[in-house]
Every structure is written in C-alpha cells, then in structure tokens.
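Reminder that position 99 of the sequence shown reads as 1002 in the working numbering, one-by-one numbering, no gaps.
Backbone N, C-alpha and C define an ideal beta-carbon position, used for all residues, glycine too.
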Amino acid sequence: MIVIFFALSQEIASIKSKVNILGKIRFGHAIFYHAEFCGFPVALVQTGMGQNVSSVLQHLSQKFRIQLIISSGFAGALQSGIDVGDIVIGKKVLYATEETFEKKALSNSSLPCETSISDEVPGFPNSYRFKVHYGLVATTNRILHLSSDKKLLGNNTSAIAVDMESFMIAEQAHILGIPFVVVRAISDRADENVDICENLVTREGKINVPAVVFYLLKKPYGILALNRLRKQAKSATSSLSAFLPDFITQIYNTLLK
C-alpha cells in the first residue's frame, strides 16, 4: 500500500476524486481514507497543517503493509526559476530551526528520500504544463510570510522548497523502515510574500471561516492576498491532480510489483 499524507482539505482534493474510497476513519486529529486507484491499494491521510504524524503512522503500520510513504500537498519555492504550479521531488528533507536562518545547516540534520522512487519520474511523458524540480526540501514550524526569509533559507541550505510537515513524516518513516519521498506542488514563489495567518486554517486542515471573516474585518485589503492565494492554490492542486495518478501508476508498475 502507498500512503499519501496531506495537510489541507484542498491538497487532498487533488487526488481524492480520482480514487475509489472504501472507508473513512478518524484517528486523533487526522482523517484517513482507505482507497484504491486502478486496483492499487492507497491510503490518503489529511493531518492538518504542521501536525505530528508519528502516532498516525504507527497506527497505520500496524494495520496495513505500507510499501511507500509520500508527503504531498503544497510547498513554497525557495529558489528563483521555480514557479507556482511546478512540482518538486525531494532528494532529501531538512528540518530548519531558527538557527538555520542564521548559518548553514549541518549536513547530518537531513534525511534522505528513496532515490529509486524519484528516479522513475524522468521517464514520464514530457507533456505536463508545469516543470518538475529535484532537490532538498526544508521543513519549518511556521509559515514563511516574507520573501526575504524564503530567500535566506534557500541560500543557507540550498533547499528548493519549504513545507511544514515533510521532515516529521520522513523521520517516522525512517524509524519504521518504510521508503519515503516528497512530491509537492508550489503554491508561492520565492520572491513573493505570503500575507496570511496560520489560524485561517483549522487544526484539521479546513478553512477557518470565522477567522477569515475576522481577518477581513481587520484588514479589508486582505481580500486581494486571499484571492491571489486561492488562485495559486488552485494551480498547485491542478498540478498534483495531473501528476500524482501518473506517479502512483508508475511506482506500482515498476517498483512495487
């Protein structure tokens, strides 16, 4: 079985409509969908933004034979030339602390992704409207609102993208001895600010409507930032929706027979 982790409801929507849902289970803060795709067993897990996944993964590993774990969803670009809607494939994942923004991260603070999985991607038909990038993916415990912070993290680590979940998922996957890879779509470029607050999303990964209303009452001009974010998230969702089915099929046909 392939288990795919997402943080937000909009992220999981990229693949949810393309699979046959066999069952839905709540486990703590996470929602788990037992499903199949073209006859292949898959599990979709919605965890909420930046949440600890160790107990969720331990629970799933006791009930299913997990062959691959994918950290998916949105990510912010850390390098120029990576555009909204592009796909990033992680070669390694790094946890970025506040010290990481001040000096280069230690090489032993990163975890490797399964290279045999990511090496399959170049064999895909080159018909996507987006580009696919490979490199180090950083994980932080907060949204990087300022483009200056994103550029600083990119310069200090050479990471190509940032999220809030992948390192914790990778850490638990390595403990369990399960292959792991990052497949994410870019929702904001390195040169643009992200003018939103973390509390606009609930712990379960859904839009916090009262918080959004309060945010717009305080900052009416924020509607422009939210609208831009909505459009860019839609582009990222579209890319994942096109890429993930091909990726899952290729992995099952070549590596998980």
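Contact check, residue i vs residue j under 8 Å by CB: the rounded distance?
i	j	result
Phe-940	Ile-1151	6 Å
Ile-1081	Ile-969	5 Å
Tyr-1037	Lys-994	6 Å
Ser-917	Thr-1140	5 Å
Ala-1073	Leu-1014	5 Å
Cβ of residue i within 9 Å of Cβ of residue j?
i	j	result
Ser-1135	Val-956	Strictly speaking, residue 1135 in this sequence is Gln, with Ser absent from that position. No, Cβ-Cβ distance for Gln-1135 and Val-956 is not below 9 Å.
Val-1085	Val-996	yes
Asp-1094	Ser-1050	yes
Asp-989	Ala-1088	yes
Phe-935	Leu-963	yes
Val-1097	Leu-1055	no
Ile-1063	Val-1035	no
Gly-1057	Gln-982	yes
Gln-974	Phe-1083	Residue identity differs from the one stated: residue 974 is Ser in this sequence, not Gln. Contact flag set, yes.
Phe-1033	Ser-1144	no
Ala-980	Arg-1092	yes
Ile-972	Ile-905	yes
His-937	Gly-951	no
Can you say whether residue i is buried or exposed, counting buried as having 16 or more other CB atoms within 10 angstroms of its CB?
i	result
Thr-1018	exposed
Phe-930	exposed
Phe-1070	buried
Arg-1133	exposed
Glu-1068	buried
Leu-920	Before going further, note that residue 920 is Ser rather than Leu in the sequence given. That one is exposed.
Lys-1053	buried
Glu-914	buried
Gly-1108	Confidence in Gly-1108 is poor, its pLDDT being 48 and thus under 50, which makes the residue's placement unreliable; the coordinate value appears in the next sentence. Buried, by the Cβ-count rule.
Ser-958	exposed
Thr-1157	exposed
Phe-967	exposed
Arg-1045	exposed
Ile-985	buried
Gly-976	buried
Gly-942	exposed
Ile-992	buried
Ile-1078	exposed
Ser-1090	buried
Look up residue i in the DSSP assignment and give the residues it is bridged to.
i	result
Glu-939	Asn-923 and Pro-944
Gly-984	Its beta-bridge partners do not exist; DSSP assigns none.
Pro-1015	Lys-995
Ile-934	Arg-929 and Gln-949
Thr-1042	Tyr-998 and Asp-1066
Leu-971	Ile-905
Tyr-1037	Ile-992
Phe-977	Ala-1088
Should residue i be listed as close to the ligand ADP, given that the test is whether its C-beta is under 8 Å from any heavy atom?
i	result
Glu-1017	In terms of ligand content, the structure shown is empty, and the ligand ADP therefore cannot be addressed.
Could you give the first and the last residue of the continuous alpha helix (DSSP H) run that contains residue i?
i	result
Gly-1057	1050-1060
Val-1166	As displayed, the chain neither begins before 904 nor continues past 1160, which places residue 1166 out of reach and without an answer.
Phe-1070	1069-1079
What span of residues does the beta strand (DSSP E) with residue i cover, start to end?
i	result
Asp-1091	1083-1091
Phe-908	905-909
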